[in-house]
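Taking it in order: structure first as structure tokens, then the write-up.
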Amino acid sequence: MIAATANRRVIGRNNTLPWRLSADLQHFKATTMGKPIVMGRKTWDSIGRPLPGRANVVVTRNTEFKAEGVEVVHSLDDALALLSDQRDIMLMGGAQLYQQALPRADVLHLTHIDLDIEGDAFFPEWDDGSWTCTAEETHQQEAIGEQPSFQYRFCRYERVDR
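To convert, take the position in the sequence shown, counting from 1, and add 9; that gives my numbering.
As structure tokens, then:
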């Protein structure tokens, strides 16, 4: 799984990222390149195109949904079955898929963004005692327009309670 969260576990607002952080987009690309990515339909809508260099899988309950360049499935279980021969599957949101997948995940790539911002989509609560941070990088983002400067951290967590 891969996600970026602001304070209070905010991951989105109005189907967009409520911050600007190009370093996180670069980190996302480097972490997911060559691996299959699984996303919900709202996340797909926010991107609007398949991400190159990765097999793209969209999960939706809408049986009429079709999109060029992606595999469409109708549940997380369907996505995992489709990708059962893959070692690293990168689930990239949104909130509903994170909620379903977190109990099954073994590795979690989180960008912690130290910003207090409003949101309407949230990463699920998670027991950080069940995970250990195996890699961490802390950085500073300078102010951009009305967005203040802030610290952010890339953390790779591995589950320890299995």
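Heads up, the beta-carbon is just placed ideally off N, CA and C, and yes, glycines get one too.
Under the DSSP definition of a beta bridge, Arg165 partners with His118, Ala144. Excluding five sequence positions before and after Phe74, the CB atoms of its chain that fall closer than 8 Å to its own CB belong to Arg50, Val67, Val81, given in chain order. According to the DSSP assignment, Thr40 belongs to the alpha helix (DSSP H) that extends over 31 to 41. Per the coordinates, the alpha-carbon of Ala104 lies some 25 Å from the alpha-carbon of Glu146. Apart from the 5 residues on each side of it in sequence, His148 sits with its Cβ closer than 6 Å to the Cβ of Tyr161 in its chain, given in chain order.
If you draw a straight line from the Cα of Ala90 to the Cα of Leu26, it comes to about 29 Å.
Straight through space, the alpha carbons of Ile11 and Asp33 are spaced by roughly 11 Å.
Straight-line measurement puts the Cα of Trp135 at about 12 Å from the Cα of Gln109.
One alpha carbon belongs to Trp53, the other to Val169, and they sit about 31 Å apart.
Secondary structure of Gln150 (DSSP, three-state): strand. The residues Val47, Val66, Val68, Val82, in chain order, have a CB closer than 7 Å to that of Ala88 in the same chain once the five nearest residues on each side in sequence are set aside.
Our two residues, Asn23 and Gly78, have alpha carbons roughly 25 Å apart in a direct line. Taking C-beta atoms under 8 Å as the contact rule, Thr14 and His121 qualify, at a distance of about 6 Å.
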